[in-house]
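In the numbering used here, the protein residues as written are 6 to 314. Before any comments, here is the structure.
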Amino acid sequence: MNELPQQLVNGLLLGAMYGLVAIGYTMVYGIVQLINFAHGEIFMTGAFGALTVWLWLPGGTTMWIALPLMIVGAVIVAVAIAVGAERFAYRPLRNAPRLAPLITAIGLSLALQQAVWAWYPEAKSARTFPQISGGPFEIGSVTIQTGDVFLVAAAPVSMAVLGYFVLKTRTGRGMQATAQDPDTARLMGVDTDRIIVIAFALGAAFAAVGAVAYGLKYGEINFRMGFILGLKAFTAAVLGGIGNIYGAMIGGVVLGVAETLATAYIADIPGMDKFGSQSWADVWAFVLLILVLLFRPQGLLGERVADRA
Numbered sequence: 006m007n008e009l010p011q012q013l014v015n016g017l018l019l020g021a022m023y024g025l026v027a028i029g030y031t032m033v034y035g036i037v038q039l040i041n042f043a044h045g046e047i048f049m050t051g052a053f054g055a056l057t058v059w060l061w062l063p064g065g066t067t068m069w070i071a072l073p074l075m076i077v078g079a080v081i082v083a084v085a086i087a088v089g090a091e092r093f094a095y096r097p098l099r100n101a102p103r104l105a106p107l108i109t110a111i112g113l114s115l116a117l118q119q120a121v122w123a124w125y126p127e128a129k130s131a132r133t134f135p136q137i138s139g140g141p142f143e144i145g146s147v148t149i150q151t152g153d154v155f156l157v158a159a160a161p162v163s164m165a166v167l168g169y170f171v172l173k174t175r176t177g178r179g180m181q182a183t184a185q186d187p188d189t190a191r192l193m194g195v196d197t198d199r200i201i202v203i204a205f206a207l208g209a210a211f212a213a214v215g216a217v218a219y220g221l222k223y224g225e226i227n228f229r230m231g232f233i234l235g236l237k238a239f240t241a242a243v244l245g246g247i248g249n250i251y252g253a254m255i256g257g258v259v260l261g262v263a264e265t266l267a268t269a270y271i272a273d274i275p276g277m278d279k280f281g282s283q284s285w286a287d288v289w290a291f292v293l294l295i296l297v298l299l300f301r302p303q304g305l306l307g308e309r310v311a312d313r314a
C-alpha cells in the first residue's frame with residue numbers, strides 16, 4: 006500500500022499518453038465512422054519526425070531549445086501523413102463497403118512501418134531518443150521521472166485546447182454538425198471534406214505530441230512502436246465511448262491505471278506471480294476492454310455517434 010500513490014501516478018501518466026493517441030481514433034470515427042488502424046503508425050512517424058529534427062540541429066543544442074522544434078517537426082510529419090492518407094487512401098473509399106477502408110488502413114500501417122525502416126534501417130532494434138536533463142522530482146512520496154515532466158504539462162494543455170476548439174470555434178461546431186449528420190451539415194453550408202481533413206490533422210497532431218512524450222518517457226523509439234500502443238489507444242477510445250473526445254482521455258487514464266496496478270500487484274497474489282510480469286501488461290489491458298464491452302458496450306461515457314442508417 007505504501008507504493009499505491011506512486012503506482013497511481015505512473016498509471017495516470019501512462020494513461021494520459023494513451024489518451025492523446027486515442028483522441029485521433031475517436032475523432033475520425035465520430036465524423037466518418039472509420040477505424041483508422043494506421044493511426045498507431047502515424048504516432049510512430051511523429052516520433053521519428055522529432056528525432057530527425059534533433060539530428061539536424063547543430064551539436065551542443067540544449068534540449069530546452071530543441072524540444073519545441075522537435076514537437077513542431079513531429080506534428081508536421083504526422084499531420085502531413087494523416088492528411089495524405091485521408092486524401093489518397095480513404096476519401097476514394099468513403100462510399101465503399103466498410104471493409105474496404107479497414108483493409109486499406111491495415112495496408113497503410115504496414116507500408117508506413119517499412120518506409121520508416123527503410124529511412125532509418127537502424128530503427129529495426131531501437132533508436133535512442135534525446136532526454137531532458139535534471140530530475141527526477143520528488144513530490145511527497147511520489148517520484149516523477151524527468152521524461153514524464155513533458156507529459157504532465159502536455160496532456161492537460163492539449164485537452165484544454167481541444168475542448169476550446171471543438172466547443173467555441175466555428176470549425177469545431179462544424180465538426181459536431183458533420184458528426185451528427187453530414188448530409189444536413191453539407192446543406193447548411195458546412196464544407197464536410199474540409200472538416201474531415203481537419204479531424205485527421207488534429208488527431209495526428211495529438212498523436213505526435215504523444216509520440217514525443219513516449220520518446221522522453223522510455224528513451225528510445227523503433228519502427229514497430231505504433232502497433233501495440235495504437236491498439237491500446239483504440240482500446241482506450243472504446244472504453245471511454247467511441248466518438249466521445251473526453252471519453253477517449255478518460256478511457257486512456259482508466260486503461261493506464263488498470264495496466265499499472267495489475268502489473269504491480271497481481272504478482273503479489275499467491276500463484277499469480279507469472280501473470281504480474283510486464284509481459285502480461287498488454288493482456289490485462291485487453292481483459293479490461295472485454296469486461297467493459299460485456300457490461301457496458303457503449304463505453305464509460307457513452308458513444309457520441311449518430312445513427313446514419
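Where is the CB? At the ideal position from N, CA and C, for every residue including glycine.
Asked: Rounded to whole angstroms, what is the Cα-Cα separation between L296 and Q136?; Found: 37 Å
Asked: Could you have a look at V195 and say whether DSSP puts it in helix, strand or coil?; Found: coil
Asked: Based on Cα-Cα distance, which residue from L107, L74 and A218 lies nearest to A90?; Found: L107
Asked: I need the DSSP call for R132, collapsed to helix, strand or coil.; Found: strand
Asked: Could you give the distance in angstroms between the alpha-carbon of V262 and the alpha-carbon of L192?; Found: 44 Å
Asked: E46 by DSSP, collapsed to three states: which one?; Found: helix
Asked: Identify the residues that DSSP records as bridge partners of T189: which are they?; Found: Per DSSP, none; premise fails for T189.
Asked: Kindly provide the ranges of any alpha helix (DSSP H) runs that are 4 or more residues long and lie completely inside the region 12-87, ordered along the chain.; Found: 44-61
Asked: Within this structure, are the beta carbons of V195 and A206 separated by less than 7 Å?; Found: no
Asked: How far does the beta strand (DSSP E) with I144 in it extend, from its first residue to its last?; Found: F142 to I144
Asked: Between which residues of its own chain and Q303 is the CB-CB distance below 8 Å, once the five residues before and five after are set aside?; Found: G246
Asked: Contact between the region 111-118 and the region 71-78: three or more CB pairs below 8 Å?; Found: no
Asked: If you drop the 5 nearest sequence neighbours on each side, which residues of the same chain put their C-beta closer than 6 Å to that of F42?; Found: A110, I111 and S114
Asked: My assumption, with CB atoms under 8 Å, is that A242 sits in contact with Y30. Please give the rounded CB distance.; Found: 4 Å
Asked: Grouping DSSP H, G and I as helix and E and B as strand, with all else coil, what is E225?; Found: strand
Asked: What are the boundary residues of the beta strand (DSSP E) that T148 is part of?; Found: V147 to I149
Asked: Evaluate contact between the region 254-261 and the region 6-14, counting only Cβ atoms and requiring at least three cross-stretch pairs below 8 Å.; Found: no
Asked: Which whole-angstrom value is the C-beta distance of I250 and I40, which I expect to be below 8 Å?; Found: Not quite, the Cβ-Cβ distance comes to about 16 Å (not below 8 Å), so this is no contact.
Asked: For F211 and G307, what's the separation of their Cα atoms in angstroms?; Found: 22 Å
Asked: Is the CB-CB distance between F134 and G224 below 7 Å?; Found: yes
Asked: So is K173 buried or exposed if we call it buried at 16+ other beta carbons inside 10 Å?; Found: exposed
Asked: CA-CA distance, A213 and A79?; Found: 5 Å
Asked: Can you give me the start and stop residues for the alpha helix (DSSP H) that W122 sits inside?; Found: L104 to W124
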